[in-house]
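Visitor: Residues in the sequence shown are numbered consecutively from 535, following this note's numbering. Where is the CB? At the ideal position from N, CA and C, for every residue including glycine. This is the structure, below, for whatever I ask next.
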Amino acid sequence: MERHHLLWQLLLWTFAWLVISFFLTDGMENFSRFVNIATASAIGIPLIVTINLGVLLPRLYFRKKYLFFILAAVAILIGITYLIHGDIWPWSDWLRNPTEEDRPRIERPDRRNSFNGFRWMALMMPFLIAFLGSTLIEIARFANRQEKQAIRSDKEKLETELKFLKSQVNPHFLFNALNNIYSLSVVESPQTPESIMQLSEILRYMVYDADADRVPLKNEILYIQNYVSLKQLKDSRGMDIRLDLESPAGDLMIAPLLFIPFVENAFKHSKIEDLNSGYIHISLRTEGRTVDFRVENSLPANEFTKDRVGGVGLENTAKRLALLYPGDRHQLEIEKGRDRFSVHLSLAL
535 MERHHLLWQL LLWTFAWLVI SFFLTDGMEN FSRFVNIATA SAIGIPLIVT
585 INLGVLLPRL YFRKKYLFFI LAAVAILIGI TYLIHGDIWP WSDWLRNPTE
635 EDRPRIERPD RRNSFNGFRW MALMMPFLIA FLGSTLIEIA RFANRQEKQA
685 IRSDKEKLET ELKFLKSQVN PHFLFNALNN IYSLSVVESP QTPESIMQLS
735 EILRYMVYDA DADRVPLKNE ILYIQNYVSL KQLKDSRGMD IRLDLESPAG
785 DLMIAPLLFI PFVENAFKHS KIEDLNSGYI HISLRTEGRT VDFRVENSLP
835 ANEFTKDRVG GVGLENTAKR LALLYPGDRH QLEIEKGRDR FSVHLSLAL
């Protein structure tokens, strides 16, 4: 791939300067002048582009040795210009600047004993333009590669964290759920079979179903319902938990486990057991292919956190959303007030 890119740059700058030279020299009428300039360009431009892309940029510029890069570039530009147009070489008369041939010989100073800065700048111009152009293109490609690599690293990190989430259930949640189900079984509660089924569905979803890139939205909704139901077993007095989860009209597919971190966060920070002030309100609605998800929970006066183990965290969930639903495909608003915490997520599936 890199060889193809080098060849593409060589052809681009060589051909571009040949076209420019053709028009500057009126190539149709002064074909010999055009051949001289074209030959010099066809030799010098590939040299400077090859050295720049193969040596200067990768070994100096991209390693942040900017001063050495500038010095080396100036030296190579001067060296290649002198190599092609220097008066001491056997080919110097043939590649001599054609514009000088149009002057009377008596007015032209001895080229071997004088230095004309403007002349040398004009001779260097094709090489300078090719050098600067190839540098800008390569820097842009490098920046693009770095950005893609950063995105890939973030994605791989999030995928690793997601796999961990899929393979492990929060031990604290699992311990409490089993304890509560055991308590139900002791008193022979009619809720026992349903609670066991809910826990079984949670485990099956996390271990098997959530391994796919996309899952039916209705399965994600069922997972939240089961999770909340098992959480409610902890207090028979009735906690202030409101669920308003609308089943989608069609077979909408969504990335798995997107909503549960926000639900887990609500249970961790709301102190829902406080029947006087604790509350959690969760809603999910769909309109066409747009999902509107909201979570609001109370915040106690004294901040605390429970169930620290498990989950991928809100920050990583936000990164995952940015990768899976980039740009305007998702909108995430998180607000933390004095006594409330709210999340509003809008997804375009």
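1) When DSSP builds the beta bridges, which residues end up paired with Met-787?
2) Any idea what DSSP makes of Asn-810, helix, strand or coil?
3) Once the 5 residues before and after Ser-880 are set aside, which same chain residues still bring their CB inside 6 Å of it?
4) I'd like to confirm the pairing. Which residues does DSSP put opposite Ser-817 in its beta bridges?
5) Got a sec, what are the start and stop residues for the alpha helix (DSSP H) Arg-593 sits in?
6) For His-864, which residues does DSSP report across the bridge?
7) Under DSSP, the alpha helix (DSSP H) around Met-773 begins and ends at which residues?
8) Given a cut-off of 9 Å on the beta-carbon distance, is the pair Leu-552 and Asp-688 in contact?
9) Using a threshold of 9 Å, state whether the C-beta atoms of Ile-577 and Ile-618 are closer than that.
10) For Ser-729, does the count of other Cβ atoms within 10 angstroms reach 16, so buried, or fall short, so exposed?
11) Per DSSP, which residues does Arg-874 bridge with? Please list them.
12) Any idea what DSSP makes of Glu-869, helix, strand or coil?
13) Please confirm whether Ile-671 and Tyr-595 have their CB atoms less than 9 Å apart.
14) Give a yes or no on contact between the stretch 777-784 and the stretch 730-742, applying the rule of three or more CB pairs nearer than 8 Å.
15) In three-state terms, what does DSSP make of Lys-805?
16) Among residues of its own chain, excluding the 5 on either side of Ser-719, which ones have a beta-carbon nearer than 7 Å to its beta-carbon?
17) Are Thr-615 and Phe-652 closer than 9 Å when you measure CB to CB?
18) Decide if His-870 is buried, meaning its Cβ has at least 16 other Cβ atoms within 10 Å, or exposed.
19) Quick check on Thr-726 - is its C-beta less than 9 Å from some C-beta in chain D?
20) Assuming Tyr-739 is part of the alpha helix (DSSP H), what are its boundary residues?
21) Does the beta-carbon of Leu-683 have 16 or more other beta-carbons within 10 angstroms, so that it is buried, or is it exposed?
22) Ignore the nearest five residues each way along the sequence and tell me which others in Thr-820's own chain have a CB closer than 8 Å to its CB.
23) Quick check on DSSP: helix, strand or coil for Val-608?
24) Where do the N-terminal and C-terminal ends of the alpha helix (DSSP H) with Asn-850 fall, by residue?
25) Does Ser-804 pass the burial test, meaning 16 or more other C-beta atoms within 10 Å, or should it be called exposed?
26) Using the Cβ count rule (16 or more neighbours within 10 Å means buried), how would you classify Glu-890?
27) Express the C-alpha separation of Glu-693 and Arg-686 in angstroms, rounding to a whole number.
28) Relative to the C-alpha of Ile-571, which residue among Phe-875, Phe-549 and Thr-851 is closest?
29) Can you tell me which of Pro-860, Ala-882, Ile-814 and Val-583 puts its alpha carbon nearest to the alpha carbon of Trp-542?
30) For Phe-875 versus Asn-831, is the C-beta spacing smaller than 9 Å?
31) So, using beta-carbon positions, are Ile-579 and Trp-547 closer together than 9 Å?
32) Just mark Gln-680 as buried or exposed, buried being the case when its beta carbon has 16 or more other beta carbons within 10 Å.
33) Measure from the alpha carbon of Thr-824 to the alpha carbon of each residue in Ala-677, Asn-713 and Ile-788, then state which is nearest.
Guide: By the coordinates alone:
1) Your numbering for residue 787 matches position 253 in the sequence shown. In the DSSP output, where bridge partners are listed per residue, Met-787 has Pro-750.
2) Mapped onto the sequence shown, residue 810 falls at position 276. Three-state result, Asn-810: coil.
3) Here residue 880 is taken as the residue at index 346 of the sequence shown, counted from 1. Correct list, in chain order: Asp-826 and Gln-865.
4) Translated into the one-based positions of the sequence shown, residue 817 becomes position 283. Asp-778 and Arg-828.
5) As a first step, residue 593 is located in the sequence shown; it is residue number 59 there, counting from the start. Here Arg-593 belongs to no alpha helix (DSSP H), and DSSP marks it neither H nor E.
6) Residue numbering aside, residue 864 sits at position 330 when the sequence shown is read from its first letter. Answer is Leu-881, bridged to His-864.
7) Locating residue 773 in the sequence shown gives position 239, counting from the first residue. It is not in any alpha helix (DSSP H) - Met-773 carries neither H nor E in the DSSP assignment.
8) For this step, residue 552 is matched to residue 18 along the sequence shown. For this step, residue 688 is matched to residue 154 along the sequence shown. Not a contact, by the Cβ cut-off of 9 Å.
9) As a working mapping, residue 577 is identified with position 43 in the sequence shown. As a working mapping, residue 618 is identified with position 84 in the sequence shown. Yes, the pair counts as a contact, with Cβ atoms nearer than the cut-off.
10) The residue given as residue 729 occupies position 195 in the sequence shown. Ser-729 is buried by the Cβ-count criterion.
11) Locating residue 874 in the sequence shown gives position 340, where the first residue counts as 1. Answer by DSSP bridge pairing, in chain order: Ser-832.
12) As a working mapping, residue 869 is identified with position 335 in the sequence shown. Residue state, collapsed to three classes: strand.
13) Along the sequence shown, one-based indexing puts residue 671 at 137. Along the sequence shown, one-based indexing puts residue 595 at 61. Not a contact, by the Cβ cut-off of 9 Å.
14) no
15) Within the sequence shown, numbered from 1, the residue matching residue 805 stands at position 271. In the structure shown, Lys-805 sits in coil (DSSP, three-state: anything other than H, G, I, E or B).
16) For the purposes of this step, residue 719 is taken as residue 185 along the sequence shown, with counting starting at 1. Same-chain partners within the cutoff: Thr-726.
17) Position 81 of the sequence shown, counting from 1, holds the residue named residue 615. Position 118 of the sequence shown, counting from 1, holds the residue named residue 652. No; because the gap between Cβ atoms is not below 9 Å, this pair is not in contact.
18) If you number the sequence shown from 1, residue 870 lands on position 336. At residue 870 the sequence reads Lys, which differs from the His that was named. It is exposed - the Cβ of Lys-870 has fewer than 16 other Cβ atoms within 10 Å.
19) Absent from the structure is chain D; it holds one protein chain and no more.
20) By one-based count along the sequence shown, residue 739 stands at place 205. Looking at the DSSP string, the run of the alpha helix (DSSP H) that includes Tyr-739 is 726-741.
21) By one-based count along the sequence shown, residue 683 stands at place 149. The residue asked about is misnamed: residue 683 is Gln in this sequence, not Leu. Its Cβ having fewer than 16 others within 10 Å, Gln-683 is exposed.
22) Position 286 of the sequence shown holds residue 820. Contacts found: Leu-751, Glu-780, Pro-782, Ala-783, Leu-786 and Asp-826.
23) Within the sequence shown, residue 608 is the residue found at index 74, counting from 1. Correct three-state label for Val-608: helix.
24) As a working mapping, residue 850 is identified with position 316 in the sequence shown. First-last of the alpha helix (DSSP H) with Asn-850: 848-858.
25) Numbered from its first residue, the sequence shown carries residue 804 at position 270. Result: buried.
26) In the structure as shown, the chain starts at 535 and stops at 883, and residue 890 therefore has no counterpart that could be examined.
27) Taking the sequence shown and counting its residues from 1, the one referred to as residue 686 is at position 152. Taking the sequence shown and counting its residues from 1, the one referred to as residue 693 is at position 159. If you take the alpha carbons of Arg-686 and Glu-693, they lie about 10 Å apart.
28) Taking the first residue of the sequence shown as position 1, residue 571 is located at position 37. The residue with the shortest Cα to Cα distance from Ile-571 is Phe-549.
29) If you number the sequence shown from 1, residue 542 lands on position 8. The option with the nearest alpha carbon to Trp-542 is Val-583.
30) Within the sequence shown, residue 875 is the residue found at index 341, counting from 1. Within the sequence shown, residue 831 is the residue found at index 297, counting from 1. The answer is yes: Cβ separation under 9 Å.
31) Walking along the sequence shown from the start, residue 579 turns up at place 45. Walking along the sequence shown from the start, residue 547 turns up at place 13. Taking 9 Å as the Cβ cut-off, Ile-579 and Trp-547 qualify as a contacting pair.
32) Here the question's residue 680 lines up with position 146 in the sequence shown. The residue is exposed, with fewer than 16 neighbouring Cβ atoms inside 10 Å.
33) Residue mapping note: residue 824 aligns to position 290 of the sequence shown, counting from 1. Of the candidates Ala-677, Asn-713 and Ile-788, the one whose C-alpha sits nearest the C-alpha of Thr-824 is Ile-788.
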